[in-house]
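Residue numbers (my numbering): 2 to 241. Ideal Cβ placement from N, Cα and C applies to all residues, glycine included. Written below as structure tokens is the structure these notes are about.
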Amino acid sequence: MDDRELLARLFEANRERLQAVAYRMLGALSEADDAVQETWLRLHRADAGEIKNLRGWLTTALARVCLDRLRTRKSRREEPLDEQPAVLGGSTPEQDMLLTESVGLAMLVVLDRLAPAERIAFVLHDIFDLSFDEIAPVVGRSLLATRQLASRARRRVRGGTRAPVRDASRQVEVVNAFLVAARGGGLEALVAVLDPDVLFRSDATAARLGAFGELRGAAAVANFFQGRVRGTRMAQINGI
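Here it is as structure tokens:
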């Protein structure tokens, strides 16, 4: 086995971890896969003899790819939020973290509101435990400035993902009212139970099957759900 073949095998051994990192940085599986592939191309072009710590090199290279992608997004567009990646092999700390409640859609929404450098610093330090010495060259900031980026992101994440305490019976009442109106087929009744500024976002699977990625406003959402939920049952997921 030559050096390139060995490098390819070592890269594949790191692929799932890299996908987990990229997904947290970018928020979409397709973009995460592209970023991992670009990282492989950078590795293929690199001088393997100069790489002393492959795991660290890959993480740093991937972070730079993701930072470039975040910075070049032309608009903060609304996109269907991807389902959580499945664990394909043995469990690792990174995969365990990826499957906890903190990797829910609410977290992805909050991460998407961070500035690119804040997001990179937070994900690498708080989730994947890289040191600020390793992160600073990636974001192009001083050590102190990098710490401040992560601290600012941490405050925003904690504030943005703190769920308000809700009365469970009230939640059931609201969902029931929506289902009754939707099953009854009355558009006006359905509009009446929705917030005028309601935002409906489908997940990636539904979007691929032809569902709208995003609908805004009570009339648009009501029109979409009218007559579509006759077989729907109420369920509690993650306490919600």
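Judged by DSSP secondary structure, leucine 216 falls outside any alpha helix (DSSP H) and instead within the beta strand (DSSP E) spanning 215 to 217. The distance from the Cβ of threonine 40 to that of leucine 68 is about 12 Å, inconsistent with a contact at the 8 Å cut-off. Counting the other CB atoms within 10 Å of its CB gives leucine 195 a total of 16 or more, which places it among the buried residues. Comparing C-alpha distances from alanine 64 to each of Leu27, Ser31, Ala49 and Gln149 shows the shortest one belongs to Leu27. Judged by beta-carbon spacing, leucine 150 lies within the 8 Å limit of valine 140, meaning their Cβ atoms are closer than that value. Sequence-distant partners of proline 117 (beyond 5 residues in either direction) whose C-beta falls short of 7 Å from its own C-beta, in its chain, are Leu68, Leu71 and Arg72.
For valine 37, the uninterrupted alpha helix (DSSP H) run begins and ends at 30 to 46, by DSSP. Judged by DSSP in its simplified three-state form, leucine 200 adopts strand. Exclusion of the five residues before and after alanine 154 leaves Leu115, Glu119, Arg120, Ala122 and Phe123 as the residues of its chain whose Cβ lies within less than 7 Å of its Cβ. Excluding the 5 residues flanking it on each side, valine 158 has same chain C-beta neighbours closer than 6 Å at Val111, in chain order. In the structure shown, the three-state DSSP call for asparagine 177 is helix. With a 10 Å radius around the Cβ and a threshold of 16 neighbouring Cβ atoms, valine 175 comes out exposed.
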